[in-house]
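Residue numbers (our numbering): 1 to 582.
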Amino acid sequence: MVLNLYDIQSPIQFRLNYTLIQEDPKPVYEGQPLPDISHYPILNQTQAIKDFEATFLKDCGEDKECQSDLNIQASLLNLPKDSGGYYLLHMGEKDRIQLHIAAENTQEPAYMASLYVRHSDAITFIKAEAMNVHPCFPYNVSLVECSLGNPFKKGSKNLTIYFNHRGDNEHQKLVEMEVFANTTSQEPHPKPVLEFKIRVVKKAELVIRGVGVPEQTLYGWKPIKESDLQYLDEIGPRVDHVYEVINNGPLGADRVTVHIDWPYQVNTIGPKRKWLLYIITDPIVEGDGECVMPAGRVNYLGLDKRFEADLQPLSSGYTVTESKGLISSYNTVEYIPVEPSSTPSFPMEVEFDKDQEEKIQKRKKYEETKIKITKEQWEVKKQHVKTSSTSSKTFASGRDVYNVTRAQRVRRAPADVVQAEAVLDKATGKKRQVVTMDCDRETAECFRFTCNIRNLLRGQTATIRVLARLFNETLIADYPSVDQVIINSKASLEIDPGLDIDQDTTNDVVYVSTNAQPDLDLLAISQGVPWWVILVSVLGGLLLLALIIWGCYKCGFFKRKRPDPTLSGNLEERQKLNAHGS
Numbered sequence: 001m002v003l004n005l006y007d008i009q010s011p012i013q014f015r016l017n018y019t020l021i022q023e024d025p026k027p028v029y030e031g032q033p034l035p036d037i038s039h040y041p042i043l044n045q046t047q048a049i050k051d052f053e054a055t056f057l058k059d060c061g062e063d064k065e066c067q068s069d070l071n072i073q074a075s076l077l078n079l080p081k082d083s084g085g086y087y088l089l090h091m092g093e094k095d096r097i098q099l100h101i102a103a104e105n106t107q108e109p110a111y112m113a114s115l116y117v118r119h120s121d122a123i124t125f126i127k128a129e130a131m132n133v134h135p136c137f138p139y140n141v142s143l144v145e146c147s148l149g150n151p152f153k154k155g156s157k158n159l160t161i162y163f164n165h166r167g168d169n170e171h172q173k174l175v176e177m178e179v180f181a182n183t184t185s186q187e188p189h190p191k192p193v194l195e196f197k198i199r200v201v202k203k204a205e206l207v208i209r210g211v212g213v214p215e216q217t218l219y220g221w222k223p224i225k226e227s228d229l230q231y232l233d234e235i236g237p238r239v240d241h242v243y244e245v246i247n248n249g250p251l252g253a254d255r256v257t258v259h260i261d262w263p264y265q266v267n268t269i270g271p272k273r274k275w276l277l278y279i280i281t282d283p284i285v286e287g288d289g290e291c292v293m294p295a296g297r298v299n300y301l302g303l304d305k306r307f308e309a310d311l312q313p314l315s316s317g318y319t320v321t322e323s324k325g326l327i328s329s330y331n332t333v334e335y336i337p338v339e340p341s342s343t344p345s346f347p348m349e350v351e352f353d354k355d356q357e358e359k360i361q362k363r364k365k366y367e368e369t370k371i372k373i374t375k376e377q378w379e380v381k382k383q384h385v386k387t388s389s390t391s392s393k394t395f396a397s398g399r400d401v402y403n404v405t406r407a408q409r410v411r412r413a414p415a416d417v418v419q420a421e422a423v424l425d426k427a428t429g430k431k432r433q434v435v436t437m438d439c440d441r442e443t444a445e446c447f448r449f450t451c452n453i454r455n456l457l458r459g460q461t462a463t464i465r466v467l468a469r470l471f472n473e474t475l476i477a478d479y480p481s482v483d484q485v486i487i488n489s490k491a492s493l494e495i496d497p498g499l500d501i502d503q504d505t506t507n508d509v510v511y512v513s514t515n516a517q518p519d520l521d522l523l524a525i526s527q528g529v530p531w532w533v534i535l536v537s538v539l540g541g542l543l544l545l546a547l548i549i550w551g552c553y554k555c556g557f558f559k560r561k562r563p564d565p566t567l568s569g570n571l572e573e574r575q576k577l578n579a580h581g582s
């Protein structure tokens, strides 16, 4: 008989067999007397076998029937909940699941009481921690069994079971768990199964930030016409826009796309092409990736390099800052629009350092004719654009045809020159003239290119460097006397939707600025004094001199007054002189 010593709730069955111990009768031969049958009794076989059972002594009352009441409470300790009641498991951050269970029996002892956890095969059992609970073990790949005792007397027990998320099934987005208990004792009020649903979240928190190198630059050296350019360094000063994509985890991102809107020309209505930031070579990606440029956008004029350094990134002695908007060295100030203005501008910020203030004061003495557009011309041009505009706008003004679709946006009418805006410097209380060119305002013509970044692991950074030159001729011709010209590029990142990765999108866009100021000394040298100004000045000087001479003549300035010798005073004077002479 094999006994199940663990089951003490069920009675033990016994069978009793009765047999007679006697000798077999001897064989009788012919002529011998028969044996005495009283020496060979026969047992009644119906009474030879006796079945009965024995029960264990249990604390189950007079009826010997245990009636238990098992209550189970469970919770996931380390996982938050969303608004829908689902627990959230962020892959790569919290791969371990802690299931805390409290079991309580409020009635008679529960025999063969066990606790069970049924779970999805996406998680595996690691261990269980408890002081007064028998070890847990995996019954199979999706069921864990823990003994609560035999019997589980009135009272409570607590344990924590640890599971690990395997993470090898990227398409399994939901993990389900069920917790329940049973016993061989009677349960008049059985409890429902506890269910837990865990949503598997793949999260990679990506941040993009950027900076212009240098952040401040000057323009003003002698401009060279576009048709006369031969070398890249003749365009204007070097400026680089640097973008950094940082993965703060917890997961890696296999495929990340960065879209960059680049301001390559001024958005004007005139026929002349006005370059802004001229890309001189293909963007450089530091990391696993590359940029895909539209045809004809890199070194469009086909200029040669004069030095090897022309195609090398500028010094990296800068600080890349995170931004949700415009990157600049400004502080928030009061914004004052300057007429004419067709659309509200972005809030501007300004703070001028000492060097800038000196340049501004010097600029006040510098006279320069500035091209402006009158209100009447503005209205005429605005009407012209309205009549020729469509939902898909095509600009063909002596430049490459560039199609831009603006969904749910009214396009502002471009002018010959982007108008300056006044900003108030709170530190000095003075107004500054600032011109801003970017894609969102539509004050700059932009094209978009994409950079693909692969295998960006947690804690890693990918850097994109766009090497360009500021087109000196454009700024000298149109903005010689403003305080500052701000040119913004825009970069936004996107994770492949097929990866189903959640992330905060509030820091997925950055604006990088090039802040350019006119250098008055270079402007004076490069532009010189026109010949007609010299001629008018000479003629004006001669005319002024002639007027002065004529006025003096009319006033008798050139008539010399001689003394009358017949006057008595003069006669005495002459006599004295003659006496001394003799």
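The C-beta atom is built at its ideal place from N, Cα and C for all residues, glycine as well.
**Request:** Could you have a look at Lys375 and say whether DSSP puts it in helix, strand or coil?
**Result:** Low local confidence applies: a pLDDT of 37 at Lys375 is under 50, so the model's placement there is unreliable, with the coordinate-based value given in what follows. Helix.
**Asked** For the alpha helix (DSSP H) that contains Thr474, what are its first and last residues?
**Response** Asn472 to Asp478
**Request:** Using alpha carbons as the reference points, say which of Pro80, Lys157, Ile42 and Ile123 lies closest to Arg166.
**Result:** Ile123
**Message:** Across the stretch 186 to 198 and the stretch 213 to 230, are there enough close Cβ pairs to call them in contact, namely three or more that are closer than 8 Å?
**Reply:** no
**Request:** Just the C-alpha distance for Ile284 and Gln312, rounded to the nearest angstrom, thanks.
**Result:** 10 Å
**Request:** Express the C-alpha separation of Asn140 and Thr617 in angstroms, rounding to a whole number.
**Result:** Residue 617 falls outside the range modelled here, since the chain spans only 1 to 582, and no answer is possible.
**Request:** In the DSSP assignment, find the beta strand (DSSP E) that holds Val175 and state where it starts and stops.
**Result:** Leu174 to Asn182
**Prompt:** Can you give the Cα-Cα distance for Thr268 and Asp416, rounded to whole angstroms?
**Reply:** 5 Å
**Asked** Taking just the CA atoms, how far does Met91 sit from Ala103?
**Response** 30 Å
**Request:** Buried or exposed for Trp262, please, with buried defined as at least 16 other CB atoms from any protein chain shown within 10 angstroms of its CB.
**Result:** buried
**Prompt:** With 16 as the cutoff for other CB atoms within 10 Å, does Gly541 come out buried or exposed?
**Reply:** exposed
**Prompt:** Mind checking Phe52: buried by the 16 CB within 10 Å criterion, or exposed?
**Reply:** exposed
**Request:** Leaving out five residues on either side along the sequence, give the residues of the same chain with a beta carbon under 7 Å from the beta carbon of Pro188.
**Result:** Gln67
**Item:** Buried versus exposed, by CB contacts within 10 Å (16 or more), Arg432
**Value:** buried
**Prompt:** Going by other Cβ atoms of all chains shown within 10 Å of its Cβ, with 16 needed for buried, is Leu547 buried or exposed?
**Reply:** exposed
**Message:** Using only the alpha-carbon positions, how far apart do Ile476 and Val512 sit?
**Reply:** 22 Å
**Request:** From the DSSP output, in three-state form, read off Gln265 for me.
**Result:** strand
**Message:** Please state whether the Cβ-Cβ distance between Lys157 and Val200 is less than 8 Å.
**Reply:** no
**Prompt:** When the Cβ atoms of the stretch 142 to 155 are set against those of the stretch 77 to 87, are three or more pairs found closer than 8 Å?
**Reply:** no
**Prompt:** Which stretch, first to last residue, makes up the beta strand (DSSP E) that contains Leu89?
**Reply:** Tyr87 to His90
**Prompt:** Buried or exposed: Gln361, going by 16 or more other Cβ atoms within 10 Å of its Cβ?
**Reply:** Low confidence applies to Gln361: its pLDDT is 49, below 50, so where it sits in the model is not reliable, and the reading given next is rough at best. Exposed, since its Cβ has fewer than 16 Cβ neighbours within 10 Å.
**Asked** Do you know offhand how far Thr390's Cα is from Gln484's?
**Response** Because the pLDDT of Thr390 is 35, which lies under 50, any placement of that residue in the model is unreliable, and the number read from its coordinates should be weighed accordingly. Distance between the alpha carbons of Thr390 and Gln484 is about 33 Å.
**Asked** On the three-state DSSP scale, how would you describe Ser156?
**Response** strand
**Message:** Within 10 Å of its beta-carbon, does Lys26 have 16 or more other beta-carbons around it, so buried, or fewer, so exposed?
**Reply:** exposed
**Asked** Between the beta-carbon of Leu470 and the beta-carbon of Asp240, is there less than 8 Å?
**Response** no
**Request:** Can you tell me which of Asp121, Cys136, Ser120 and His119 puts its alpha carbon nearest to the alpha carbon of Lys127?
**Result:** Cys136
**Prompt:** For Pro77, which residues of its own chain have a beta-carbon under 7 Å away from its beta-carbon, when the five flanking residues on both sides are left out?
**Reply:** A quick correction: the sequence has Leu, not Pro, at residue 77. Result list for Leu77: Gln98 and His100, in chain order.
**Prompt:** So, are the CB atoms of Val175 and Ile72 less than 8 Å apart?
**Reply:** no
**The beta strand (DSSP E) enclosing Val117, as first and last residue numbers** = Ala113 to His119
**Item:** Where Asp594 sits in the DSSP three-state scheme
**Value:** Absent from the model: residue 594. The displayed extent of the chain is 1 to 582, so no value can be given.
**Request:** Could you tell me whether the Cβ atoms of Val418 and Met437 are closer together than 8 Å?
**Result:** yes
**Prompt:** Between the Cα of Thr450 and the Cα atoms of Tyr29, Gln230, Thr257 and Arg96, which residue gives the shortest distance?
**Reply:** Thr257
**Message:** Quick check on this structure: which residue in Thr55, Gly31, Ala48 and Glu30 has the alpha carbon closest to the alpha carbon of Gln13?
**Reply:** Thr55
**Message:** Less than 8 Å between the beta carbons of Ser38 and Glu108, yes or no?
**Reply:** no
**Prompt:** With 16 as the cutoff for other CB atoms within 10 Å, does Leu20 come out buried or exposed?
**Reply:** exposed
**Message:** Quick check: what's the CA-CA separation for Asp282 versus Tyr264?
**Reply:** 14 Å
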